[in-house]
Amino acid sequence: MVHERQRTPRPPSGQAKAAYDPADETRGGGTHDPSDGGGERVAKALARAGVASRREVERLIAAGRVALNGQVLTTPAVKVEPGDILTVDGEVVDEREPARLFRYHKPAGLVTTHADPQNRPTVFQALPEGLPRLISVGRLDLNTEGLLLLTNDGELARALELPATGLQRRYRARAHGRITQDKLDTLKNGVTVEGVRYGPIEARIDKAREGPQGANVWISLTLSEGKNREVRRVLESLGLKVNRLIRLSYGPLALGTLDVGQIEEVGPRVLREQFAGFIAPENMPKGDRPAYNPPRRASAGAGRRSQAAADESAVVPEPKPAAKKTYKPGWAKPKAPARPHAAKGPRPVKGKPRSAADDRVIEARPGRAERAGAPKSAVGTSGGKPPAGKARTGPPRPGGPKRPGPRKPNRRG
């Protein structure tokens, strides 16, 4: 990484200690043959040291800002060997460190660059002190918020950015306008907007949280390319105007519970498990705890999180497949699902339809326990009740005992 002030580097092995003289172009091999099999290219060496990505290093070399053993480089086709001294803008580049990766909750209004020509506030100006020199994995637009990955390993950043790596990015977009799910489904096969071809995008209307569409609609999107302003341009091609965009995850890493503006280092164990194929063996981190432990906001009843819990919150949870039930010999097998019941309501009456004359007979028929001389308000109609505390008395019901079979109504002439 680059220090604020120049230091005296260690001399090559087998040589006595001596102060480094930038005018000495012979010590340390200032003029290497690019075809030589030893060492590694200067762009790759500076990228691994966290100075910048390979592409940005090539721009630094073209601008005459990189020197090898005191000689200003004019081409990236130069190899660096152990003991060589690299400087950027006159500052000595330190030896490579283990790869480190950080999750940052980028607020809206910050530019993802180290120096903005328009003097707008940048992400790196907003970072707290005590961090190594970092570069971003890709970029987020000025008004886009959410998860931004930062690392000290330029080679790791380059690998995670490549579309060939196939890392999925998940977003939530709030857009003004009307849209249907059928229109969003057309993005599954990719789309061309103003001559730019964008790959397949999974998009769905977030009905569960927003309900019926109003002036704005929330849409969840998953894509693997991450081209410049891809989400905004694709949705604009469907007649929508994005007014808020949040990145929720990048590959296996999630925004999680990070507060806006907060940064947290990914644990070494997660790096080894998730990104071992993208990190050089000599840069592979060791241990379980990260070197940077940011202060977290205190909450009532919340103690210090364990590293295992921190690692778990940093990774996107994998969907758990439904467990298939197994039955051992002798176990009762599950019952078949019950058939749906009929809707509640009055049951249909079997037999001949009841006439108006039948209704008059039923209304005139005495109650089952009607007593003689009871008030008319208590008896005389179907469903009448006696006053509280008094039992029903009276003669037995006319007609004798019940007979089996359907009962015929009494007809009184």
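Numbered per my numbering, the sequence shown spans residues 1408 to 1820. Cβ coordinates follow ideal geometry from the N, Cα and C atoms, glycine included.
Looking only at its chain, what residues have a beta carbon closer than 8 Å to the beta carbon of residue i, apart from the 5 residues adjacent to it on each side?
{"i": "Thr-1529", "result": "Leu-1517, Val-1518, Thr-1519, Thr-1520, His-1521, Ala-1522 and Asp-1523"}
{"i": "Ala-1683", "result": "Met-1691"}
{"i": "Phe-1509", "result": "Leu-1538, Leu-1541, Leu-1556, Leu-1557, Thr-1558, Ile-1670, Glu-1671, Glu-1672, Val-1673 and Tyr-1699"}
{"i": "Val-1667", "result": "His-1512, Pro-1514 and Glu-1552"}
{"i": "Val-1603", "result": "Lys-1634 and Arg-1640"}
{"i": "Glu-1601", "result": "Arg-1640"}
State the DSSP-derived secondary structure class of residue i, mapped to helix, strand or coil.
{"i": "Ile-1670", "result": "strand"}
{"i": "Arg-1579", "result": "strand"}
{"i": "Leu-1538", "result": "coil"}
{"i": "Gln-1532", "result": "helix"}
{"i": "Gln-1525", "result": "coil"}
{"i": "Ile-1612", "result": "strand"}
{"i": "Leu-1665", "result": "coil"}
{"i": "Val-1485", "result": "coil"}
{"i": "Arg-1654", "result": "strand"}
{"i": "Leu-1453", "result": "helix"}
{"i": "Ala-1474", "result": "strand"}
{"i": "Glu-1465", "result": "helix"}
{"i": "Glu-1447", "result": "strand"}
{"i": "Glu-1689", "result": "helix"}
{"i": "Ser-1397", "result": "Absent from the structure is residue 1397, since the part of the chain shown begins at 1408 and ends at 1820."}
{"i": "Pro-1441", "result": "In this prediction, Pro-1441 scores a pLDDT of 45, lower than 50, which makes its location untrustworthy; no coordinate-derived value is stated."}
{"i": "Tyr-1504", "result": "Reading off the sequence shown, one finds Glu at residue 1504, where the question assumed Tyr. In the structure shown, Glu-1504 sits in coil (DSSP, three-state: anything other than H, G, I, E or B)."}
{"i": "Val-1641", "result": "helix"}
{"i": "Gly-1490", "result": "coil"}
{"i": "Arg-1510", "result": "strand"}
{"i": "Val-1458", "result": "coil"}
{"i": "Glu-1680", "result": "helix"}
Would you check whether the ligand HEM has a heavy atom nearer than 6 Å to the C-beta of residue i?
{"i": "Trp-1738", "result": "Looking at this structure, you won't find the ligand HEM or any other ligand, since it has none at all."}
Please work out which residues of its chain come closer than 7 Å, Cβ to Cβ, to residue i, disregarding the five sequence neighbours upstream and downstream, and give them in chain order.
{"i": "Ser-1720", "result": "Gly-1663 and Thr-1664"}
{"i": "Gly-1694", "result": "Pro-1675"}
{"i": "Val-1598", "result": "Tyr-1605, Val-1641 and Ser-1644"}
{"i": "Asp-1718", "result": "Gly-1674, Arg-1676 and Val-1677"}
{"i": "Ala-1459", "result": "Leu-1453, Leu-1467, Ile-1542 and Gly-1561"}
{"i": "Leu-1534", "result": "Ile-1670"}
{"i": "Glu-1447", "result": "Lys-1486 and Val-1487"}
{"i": "Asn-1596", "result": "Pro-1607"}
Among the residues of its own chain, which have a CB less than 6 Å from the CB of residue i, if the five just before and after it don't count?
{"i": "Phe-1531", "result": "His-1521"}
{"i": "Pro-1736", "result": "none"}
{"i": "Ala-1687", "result": "none"}
{"i": "Ser-1656", "result": "Arg-1577 and Val-1723"}
{"i": "Arg-1611", "result": "Ser-1627"}
{"i": "Leu-1480", "result": "Ile-1468 and Val-1473"}
{"i": "Phe-1685", "result": "Leu-1563 and Ala-1566"}
{"i": "Arg-1654", "result": "Gly-1553, Leu-1554 and Tyr-1578"}
{"i": "Arg-1696", "result": "Gln-1714"}
{"i": "Arg-1679", "result": "none"}
Which residue's Cα is closest to the Cα of residue i: the options?
{"i": "Gly-1573", "options": "Leu-1555, Ser-1543 and Ile-1608", "result": "Ile-1608"}
{"i": "Arg-1546", "options": "Leu-1555, Leu-1538, Leu-1569 and Gly-1457", "result": "Leu-1555"}
{"i": "Lys-1513", "options": "Glu-1689, Gln-1714, Gln-1669 and Gly-1457", "result": "Gln-1669"}
{"i": "Gln-1681", "options": "Leu-1538, Glu-1465, Pro-1659 and Gly-1602", "result": "Pro-1659"}
{"i": "Ala-1506", "options": "Arg-1455, Leu-1630 and Lys-1451", "result": "Arg-1455"}
{"i": "Leu-1594", "options": "Arg-1579, Gly-1457, Leu-1630 and Leu-1569", "result": "Leu-1630"}
{"i": "Val-1499", "options": "Asn-1526, Glu-1465, Asp-1592 and Gly-1457", "result": "Gly-1457"}
{"i": "Arg-1527", "options": "Lys-1614, Glu-1504 and Leu-1549", "result": "Leu-1549"}
{"i": "Ala-1582", "options": "Asp-1592, Glu-1502 and Asp-1613", "result": "Asp-1613"}
{"i": "Arg-1461", "options": "Glu-1536, Glu-1502, Leu-1569 and Gln-1525", "result": "Leu-1569"}
{"i": "Lys-1451", "options": "Ala-1470, Gln-1478 and Arg-1503", "result": "Arg-1503"}
{"i": "Val-1544", "options": "Ala-1715, Glu-1463 and Arg-1679", "result": "Glu-1463"}
{"i": "Gln-1575", "options": "Glu-1601, Asp-1592, Ala-1661 and Gln-1714", "result": "Ala-1661"}
Original post:
Should the segment 1477-1494 be regarded as contacting the segment 1646-1657, the criterion being three or more beta carbon pairs within less than 8 Å?
Top reply: Output reads no: the segment 1646-1657 does not touch the segment 1477-1494.
**OP:** Give a yes or no on contact between the segment 1693-1701 and the segment 1627-1639, applying the rule of three or more CB pairs nearer than 8 Å.
**Re:** no
Original post:
Hey, is the segment 1490-1499 in contact with the segment 1466-1475, meaning 3+ C-beta pairs nearer than 8 Å?
Top reply: Segments in contact, yes.
Original post:
At which residue ranges does the segment 1551-1605 contain complete alpha helix (DSSP H) runs of 4 or more residues, listed in the order of the chain?
Top reply: 1561-1568 and 1588-1592
Original post:
Do the segment 1620-1629 and the segment 1555-1562 make contact, defined as three or more Cβ pairs closer than 8 Å?
Top reply: no
**OP:** Report yes or no: do the segment 1564-1572 and the segment 1584-1599 share at least 3 C-beta pairs separated by less than 8 Å?
**Re:** no
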